[in-house]
Each structure stands twice: as structure tokens, then as C-alpha cells.
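Chains as they are written, first to last, in my numbering: chain Z, 2 to 125; chain H, 2 to 125. Okay, so here's the structure we're looking at.
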DNA sequence: CAGTTATATAACTAGAAAGTTATATAACAA
DNA sequence: TTGTTATATAACTTTCTAGTTATATAACTG
């Protein structure tokens with residue numbers, strides 16, 4: 002439990018990562034918590050726009066938020082990043098295993114060719 | 002060279018990965034080349050829709066295509082996957098280094114506290 | 001050549017996304 | 001209470017996305 006939810010979660014996570022503003026926000030948060038205002042400052046963009054981006058990041062589980070007086074400090078949730086890399090790595094492993102198999106087959110063919118060659122040349 | 006292009010490339014890659022049909026296509030291609038027709042078969046979706054998805058994957062550098070008679074076999078390009086994980090890992094490393102620093106600070110405070118305690122207790 | 005198969009392109013629609021400004025809410029300060 | 005700061009929400013616009021059907025192109029077959 003549960004394939005469907007897992008897929009949906011990956012949808013949201015990768016979609017969240019597809020926006021450069023959101024990646025910049027994550028990179029900033031990797032250095033430590035920050036308030037919405039602090040996250041807005043570096044961008045030529047309104048505060049509501051950043052609030053929306055944060056909502057997307059939060060929905061994807063990449064960010065969570067606390068409360069400090071009027072501020073809503075945001076922090077990175079690195080486990081969501083882990084789930085994203087896990088999918089990619091699974092995909093790449095499949096690919097690499099395929100080559101391992103191909104190598105095995107090539108080795109076999111190579112051996113057979115050598116045996117046939119020896120047979121034809123007599124000994125040595 | 003070149004930050005802007007690199008960012009744009011990540012945009013395309015993560016956006017490509019955000020769609021479950023496209024992830025399924027990549028997972029299929031991880032097991033070996035396939036034609037457009039073979040990729041279309043498993044989905045309740047028209048062939049033009051799959052051609053469009055392939056175009057997105059190709060633009061992101063995740064897939065490349067050859068020619069075999071009338072077929073245009075698609076194959077996975079795992080290096081684009083590598084670039085995606087690289088960004089994520091960089092982000093996570095930043096985060097982990099932050100904790101390493103925090104641990105260092107905590108160790109220091111701990112030591113200071115111990116020294117202070119010893120001072121107060123006289124020897125031992 | 002005519003017909004078939006594999007894929008791509010065009011034109012369109014419906015819905016989602018990313019931004020805007022204006023306004024509402026929540027927490028605090030005097 | 002009144003005012004201020006920090007953030008969220010609403011309403012709207014523009015652009016992008018994912019699908020559709022119909023049609024075009026390209027490569028092969030007889």
C-alpha cells in the first residue's frame with residue numbers, strides 16, 4: 002500500500018522539482034529554516050507567488066512548516082527527495098542489470114568462438 | 002557554461018519525470034529498446050499521445066531514437082537521469098553538512114558544559 | 001505502381017499552472 | 001482598541017499541458 006498513491010506522490014514531487022524558483026527555494030532551505038518573507042526577498046516575484054510555490058512544495062512533502070510568532074518558518078523534508086532519487090535509481094539499476102546480462106551473453110559467445118578457434122587450429 | 006542552460010535542462014527533465022505515463026515508458030525502456038507501437042500497446046491512449054510523450058522525453062535528453070526500417074526504436078539515455086539525481090544529491094548534501102555543523106556546535110557546547118561542571122566540583 | 005504499416009504533424013479542446021493585484025486573517029505592539 | 005507585520009486567499013489572466021481526431025509522410029511489400 003499503495004502503488005497509486007506512490008505514483009501520485011512522485012508526480013507531485015517531480016512536478017515540484019521542475020520549477021527553477023522552487024528548486025532555488027529548496028536549495029535555500031537546505032542551508033536552514035527560513036520564513037516566507039526571507040524566501041521571497043531574493044526573487045523578483047510577489048509574496049503570494051512564493052506562498053503558492055511553498056504550497057506546492059508542501060503538498061509534495063518536500064517542505065514542512067512551523068510557527069514562530071507571526072512567521073511560518075519552512076524547513077526541508079529530505080525524505081521526499083529520497084523517494085524521488087529512489088525511483089530514478091531503480092530505473093537506472095534495471096538498465097544496468099540489462100547490460101550485465103548482455104555482457105554475460107557476449108562473454109559466452111566469446112568463449113564459444115575461442116573454443117571453435119582452438120578446434121580448428123589443432124592444439125595451442 | 003552554462004548555469005541558465007543547466008537549469009532549463011533540469012526543468013525539462015523533472016517535468017518529463019512528473020508524468021506517470023512517461024515514467025512507465027522510461028521503466029519499459031530500461032529493459033531494452035522498443036518501438037513507438039510497442040510503447041503504445043500497454044496504454045489506453047492513442048499513438049499520437051505517446052509520440053508526444055516521446056517528444057517530451059527526447060527534448061529532456063532522457064530518450065534517443067534510431068531507425069530500423071519503418072520503426073523508430075527508442076532507447077533510454079541514463080545520463081539525463083544522472084543529472085537529475087545529481088541536483089537532488091547536491092541539495093541533500095548541503096542539508097547533511099548543515100547537520101554535521103550543528104553536531105559540531107553541540108559537541109562544543111557539551112564539552113564546555115563538562116569543563117564548567119568539573120570546575121564547580123573541584124577535582125574528579 | 002497501389003496498398004500497408006509505422007510514425008509524425010496539425011488543429012483543436014479542456015483543464016492545470018504560474019503569475020498578477022486586491023483583500024482577508026492572524027499575531028503581535030502600544 | 002488601533003495599527004503593524006507576516007502570511008494566506010480570492011479572483012482573474014495568460015500560458016502550458018495532455019489528450020483527442022483527422023491527416024500527412026516515410027518505408028516497406030507485392
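Glycine included, every Cβ here is placed at the ideal spot set by N, Cα and C. All figures in this text were calculated on a predicted structure; none of them were measured in a lab.
Whole-number beta carbon distance between residue j and residue i, since they are thought to touch under 8 angstroms
i	j	result
residue 63 (chain Z)	residue 81 (chain Z)	5 angstroms
residue 44 (chain H)	residue 14 (chain H)	That pair is no contact at about 22 angstroms.
residue 58 (chain Z)	residue 96 (chain H)	The Cβ separation is near 14 angstroms, so there is no contact.
Through-space distance from residue j to residue i, alpha-carbon basis
i	j	result
residue 32 (chain H)	residue 32 (chain Z)	38 angstroms
residue 1 (chain H)	residue 9 (chain Z)	Summary: the structure shown does not reach residue 1 (chain H), with chain H confined to residues 2 through 125, and so no result is reported for it.
residue 75 (chain H)	residue 85 (chain H)	20 angstroms
residue 34 (chain H)	residue 115 (chain Z)	30 angstroms
residue 104 (chain Z)	residue 117 (chain Z)	20 angstroms
residue 67 (chain Z)	residue 73 (chain Z)	5 angstroms
residue 98 (chain H)	residue 109 (chain H)	17 angstroms
residue 100 (chain H)	residue 38 (chain H)	50 angstroms
residue 71 (chain H)	residue 53 (chain Z)	47 angstroms
residue 26 (chain H)	residue 36 (chain H)	11 angstroms
residue 69 (chain Z)	residue 113 (chain H)	29 angstroms
residue 111 (chain H)	residue 7 (chain Z)	42 angstroms
residue 28 (chain H)	residue 102 (chain Z)	17 angstroms
residue 79 (chain Z)	residue 83 (chain H)	18 angstroms
Beta-carbon contacts of residue i that lie in its chain and below 8 angstroms, excluding the five residues immediately before and after
i	result
residue 88 (chain Z)	11
residue 55 (chain Z)	26, 37, 40, 64, 66 and 75
residue 24 (chain Z)	18
residue 124 (chain H)	Unreliable placement is indicated for residue 124 (chain H), whose pLDDT of 44 sits below 50; no coordinate value is reported for it.
6 angstroms Cβ shell around residue i - same chain, five flanking residues per side excluded
i	result
residue 2 (chain H)	Confidence is the limiting factor: at residue 2 (chain H) the pLDDT is only 45, short of 50, which leaves the residue's position unreliable, though a coordinate-based value still follows. If we look at residue 2 (chain H) and ignore the five residues flanking it on each side, it has no Cβ neighbours.
Close Cβ partners of residue i (< 7 angstroms) along its chain, the five nearest in sequence each way excluded
i	result
residue 30 (chain H)	64, 75, 76 and 77
residue 107 (chain Z)	none
residue 41 (chain Z)	48 and 51
residue 60 (chain Z)	13
Q. Closer than 9 angstroms, Cβ to any Cβ of chain Z: which residues of the region 33 to 65 of chain H, in chain order?
A. 33
Q. Is it a yes or a no for the region 90 to 97 of chain Z touching the region 9 to 18 of chain Z, going by three-plus beta-carbon pairs under 8 angstroms?
A. no
**Q.** Residues in the region 69 to 81 of chain Z having any Cβ partner in chain H nearer than 7 angstroms
**A.** 77 and 79
Q: Compile a chain-ordered list of the residues in the region 7 to 19 of chain H whose CB is closer than 9 angstroms to at least one CB of chain Z.
A: 8, 9, 11, 12, 13, 14, 15, 16, 17, 18 and 19
Q.
Closer than 9 angstroms between beta carbons: that is the criterion. Which residues of the region 82 to 97 of chain H meet it against chain Z?
A. 82, 83, 85, 86, 88, 89, 90, 91, 92, 93, 94, 95, 96 and 97
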